[in-house]
Amino acid sequence: MRELLANPVLVKEIKLRFRNMKSFTGLFFYLLVMGIFVFGFVYLTGSISGGGFFRPEESFILFTMLSFIQLGLILFITPGLTAGTISTEREKQTLNILLTTAQSSFQIIFGKLLSSIAFLLLLLLSGLPIYSMVFLYGGVSPGQMAVIFLFYFLTLLAIGSLGVMYSTVTRRTVVSMIATFSTMIFLTAVTGFFLILTVSLSSVAMGTGTSPLSYFWASINPAVVLMSLLEPSWNDEISRITGISLPLWVSYSFFYLLLFAGSLWLSVSKLRVNMNKYR
Amino acid sequence: MIEIKGLTKKYGSFYALKDLNLKIEEGTVFGFVGANGAGKSTTFSILATLLQPTAGEAWINGVSISQNPHEVRRQIGYMPDFFGVYDQLRAEEYLDFYGASYGLNPKQRMELIPKLLELVNLTNKRYDYVDLLSRGMKQRLCLARALIHNPSVLILDEPASGLDPRARVEMREILLELKAMGKTILISSHILPELAEMCDTLGVIDSGELIAHGSVQSIQEKLQNEKVIRVKIAGPLKVAVTFFENDPQVSRLTQIQDRQIVEFLYKGNDEDQLDLLRNAMATGLPILAFSEQETDLEDVFMEITKGAESL
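Residue numbers (the working numbering), protein chains in the order written: chain A, 25 to 303; chain B, -9 to 301.
Set out below in structure tokens:
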């Protein structure tokens, strides 16, 4: 593990990332959006109720909304941070030199991925004090929050590795960005649309039978899975509609871990694209 | 030592490199000359394990580039013809990163970096950002980078390209120093004279094929079968011009009127050349000087590549 973290690419990337003003402005705006939302919500709820108090049920609503906003930010920021990792090296003509060093393809890819993920983790952790506002009013357990953060971690690991993979197999950063964002849109919007479509077209809509295909679309959609983690009764409803009782998070974890491993493998094997046979 | 056997790189029906065979002895400097697109960079990319050959094999210090590319990377220091640098990284950090990439520990890196910066005359730029250095400085820093893991073989693809005359001289001095350190150096350029003075052997490549290989002198002798003869005449040039033009082995005769000189290309051997002078004297030509000119390496290169083009 120590050897993995002493990866020269990782050390260099982190150093460069934190010398860049963009990282700090990104962090600033991330916290600003979160802060405005939380304080705005607390203020508005207090004003509307008139008594200036905040009930635990409202705290849970805040937690739910905050979790969705954070998911949205992760899905939006991750492609931007990872889709240029290798292609930028290629465009800047630094990749060839890197490839002639003693570092293996895995070390290079892993270093690139980990440095991007480290920044995303920093974003998540820096948002914790804002999240803690929710604890102040009760309604959410720390265990539930840990589960949500594990879910975020798995999601950004998968989307991040997808970005690195596209960045490795495409020559230009723009193309890689478009491909990563498109995949991300597919995993969120398109799967959501298909979920609604399959449910509507199945006999479930008539009040009879089940729609097993809907389970697939639901299990790979981050928003649906997040909702099932926040509100476990969703799992029962999904189970009733699809006829599959396996919790959504199990299938989600399997699918996204597979996506992560597949993307990582493809990136490593395609990094030295002109040396197919070789390592 | 570098050994190359039947190295070929083909893109569709186009040969970027065709059946290259070479042996470069340990501690020698081999110059690879050829016009742009001749196949120099393709050869270097293959040797640097960046490109897979279509056929053939190469060994660096006995290590096969196809069987053990990871070990080959430890044996070589590679400097590409075009390269970029990272923004917001200081010269010291730049070398430190590559040192770490070759598995050197922090103590080794901190000992090596000042020495390398001194070797390439960049000691005073140690804390400067690399993207703000001049082109010549970047080239020298890249050379220092290629030396960080103390490789025995250096593969330098046009290290002096795009440099001003002063930077070229500085680069040449560094390379001569590396040669004195016993490094095996494979260097390319499209400017033949630039390489001739520092190389032990030269290879001329054109259209992916090695068309000449050997010492600078042997290449000149092998490839240039015409000598340049210069004759200084005491009287009018007209008679001399008529005499020399009548010789079937003379071509491309030119006159330098104000200096009373006639210059031409001569195909004959030394015996023929002696006969030509004897006959000229016998016909009463007032010859003040008759000499064979030192040929310009640039001309030889132009002639070689022109010959290959017409094949």
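Virtual Cβ for every residue (Gly too), placed ideally from N, Cα, C. As the structure is a computational prediction, the values presented were derived from the model and not from experiment.
Annotation for B/R220: the continuous beta strand (DSSP E) segment containing it runs 217 to 223. The count of Cβ pairs closer than 8 Å, one atom from the region 28 to 39 of chain B and one from the region 282 to 292 of chain A, stays below three, leaving the stretches out of contact.
The way I'd put it, the region 197 to 206 of chain A does touch the region 106 to 115 of chain A; three or more beta-carbon pairs between them come closer than 8 Å. With 16 or more neighbouring CB atoms inside 10 Å of its own CB, A/S191 falls in the buried class.
Non-local beta-carbon contacts of A/I141 in its own chain, meaning distances under 7 Å to residues more than five positions away in sequence, involve L180, L181, G184 in chain order.
The Cβ neighbour count for B/E184, taken over all protein chains shown within 10 Å, is at least 16; the residue is labelled buried. Here DSSP, grouped into helix, strand and coil, assigns B/F20 to strand.
Look at A/A126: its C-beta is under 8 Å from a C-beta on chain B. About 16 Å separates the Cβ atoms of A/T118 and B/R63, ruling out a contact at the 8 Å cut-off.
Distances from the alpha-carbon of A/Q131 to those of A/S291, A/L272, A/S71, A/G151 put A/S291 closest. In this structure, B/T(-2) sits away from B/K13, with a CB-CB distance that is not shorter than 8 Å. Among the residues facing chain B, A/N298 is included, as its CB has a counterpart in that chain under 8 Å away. Using a Cβ-Cβ cut-off of 8 Å, B/R64 is close to A126 of chain A, given in chain order. In the DSSP annotation of this structure, B/G74 is not part of any beta strand (DSSP E), being labelled neither H nor E.
Neighbours of A/Q117 in chain B, taken as residues whose beta carbon is under 7 Å from its own, are F72, F73, G74 in chain order. Residue pairing from DSSP places B/V143 in a beta bridge opposite B/I66, B/T174.
Between B/R130 and B/N111, the gap from beta carbon to beta carbon is short of 8 Å.
Residue contact check for B/H60 against chain A: a CB pair falls below 8 Å. In the three-state scheme derived from DSSP, where H, G and I count as helix and E and B as strand, B/Q263 is classed as helix. DSSP links B/H180 through a beta bridge to no other residue.
For B/D196, no alpha helix (DSSP H) segment is defined; the enclosing uninterrupted segment is the beta strand (DSSP E) at 191 to 196. Among the CB atoms of chain A, one or more fall inside 8 Å of the CB of B/Q42.
Secondary structure at B/N269: helix, using DSSP grouped into helix, strand and coil.
At least 8 Å separates the CB of A/K46 from every CB of chain B. At least one C-beta of chain A is nearer than 8 Å to the C-beta of B/Y68.
Just so you know, the alpha carbons of B/Q263 and B/E253 end up roughly 14 Å apart. If the five residues before and after B/F34 are omitted, its C-beta is found closer than 6 Å to the C-beta atoms of I145, D147, all from its own chain and listed in chain order. Near chain B, meaning a CB-to-CB distance below 8 Å, the residues of the region 121 to 150 of chain A are I121, L122, L123, T124, T125, A126, Q127, S128. Here the region 110 to 124 of chain B makes contact with the region 73 to 83 of chain B; the two share three or more CB pairs at distances below 8 Å. By the neighbour-count criterion, in which 16 or more other beta carbons inside 10 Å mark a residue as buried, A/M89 falls on the exposed side. Interface with chain A (8 Å Cβ-Cβ cutoff): B/Y92 is included. For A/L40, the uninterrupted alpha helix (DSSP H) segment begins and ends at 32 to 41. Under a criterion of Cβ atoms nearer than 7 Å, the residues of chain B adjacent to A/K36 are, in order, F87. Look at the region 11 to 39 of chain B: the residues with a C-beta under 9 Å from a C-beta of chain A are S35, A38, T39. Not one beta carbon of chain B lies nearer than 8 Å to the beta carbon of A/L105. Two segments are said to touch when three or more pairs of C-beta atoms, one from each, lie closer than 8 Å; by this definition the region 210 to 229 of chain A touches the region 238 to 248 of chain A.
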